[in-house]
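For reference, the structure discussed in these notes is given below.
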Amino acid sequence: AENSALRVPRSFAAIPCTFGRRSPLVGRLRRRPLRCRADPMLRLDGLVLVDHTFLLPLDHDGADAGEIEVFAREVRAAETGAEERPWLVYLQGGPGFESPRPMGKEGWIGKAVDRYRVLLLDQRGTGRSTPQTVSTITAAGDAAEQARHLAHFRADSIVRDCERIREALGIERWTLLGQ
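Quick note on the working numbering: the sequence shown kicks off at 66 and runs consecutively.
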């Protein structure tokens, strides 16, 4: 049975990722182009927030297991030139928690946006990314199939998600911050 959480949302129907430069690796890799969307920016107490949603393969090794959404929020200072700053990607500690949702230029995010554009990633299965719930896990089948399904939510898949997102945004290098 097809898992409804893995169907391609209509909003992604034919939207290729068009951010930044194209990575030189993209042409050499045999994989589907990454589809993504960026919502309009929001200004909030000294910050600019842009929500990005990326459609990524559930299984990066090529098995046609469907696709999942991975959500990331770009946070930068609301000042001229902030969009040219280097990137910092933040990986929330776990297990299973979404990235912080800043309400203003305060705390560590307030300090970080003085030097970086910050990308707050809701890792696969958390926050606004495609969730893993009792119903999505049991829909995978018996216990062995469920274990195979959940294996796609390990750190190695999260690292591969990050690399695909980095390439899609045209980022050559970024700084990593984790909790």
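We treat Cβ as the ideally placed atom computed from N, Cα and C, and that holds for glycine.
Secondary structure of G243 (DSSP, three-state): strand.
In this structure, the CA atom of G206 is about 12 Å from the CA atom of V199.
The beta carbon of G192 sits closer than 7 Å to those of F136, E163, S164, all from its chain and outside the five residues before and after it, given in chain order.
Of A208, R238, L112, the smallest CA-CA separation from G169 is found for L112. Shortest Cα-Cα distance from M106 to any of A208, R225, V140 involves V140. Out of H117, P196, R182, the CA that lies nearest to the CA of L123 is found in P196. The region 144-160 makes contact with the region 182-190: 3 or more CB pairs, one atom from each, lie closer than 8 Å. At least 7 Å separates the beta-carbon of D226 from that of L120. Around the beta carbon of T203, fewer than 16 other beta carbons lie within 10 angstroms, which makes this residue exposed. An exposed status is given to E149, since fewer than 16 other beta-carbon atoms sit within 10 Å of its beta-carbon.
From the listed residues D221, R180, D104, the smallest Cα separation to G146 is found for R180. Scanning its chain for C-beta atoms nearer than 7 Å, with the 5 sequence neighbours on each side dropped, one finds around P167 the residues L112, V140, I174, in chain order.
Counting the other CB atoms within 10 Å of its CB gives L234 a total of 16 or more, which places it among the buried residues.
G172 sits away from Q244, with the two beta carbons spaced by 7 Å or more. For H214, the uninterrupted alpha helix (DSSP H) segment begins and ends at 208-215. Counting along the chain, A177 sits inside the alpha helix (DSSP H) bounded by residues 172-177. For A233, the uninterrupted alpha helix (DSSP H) segment begins and ends at 220-233.
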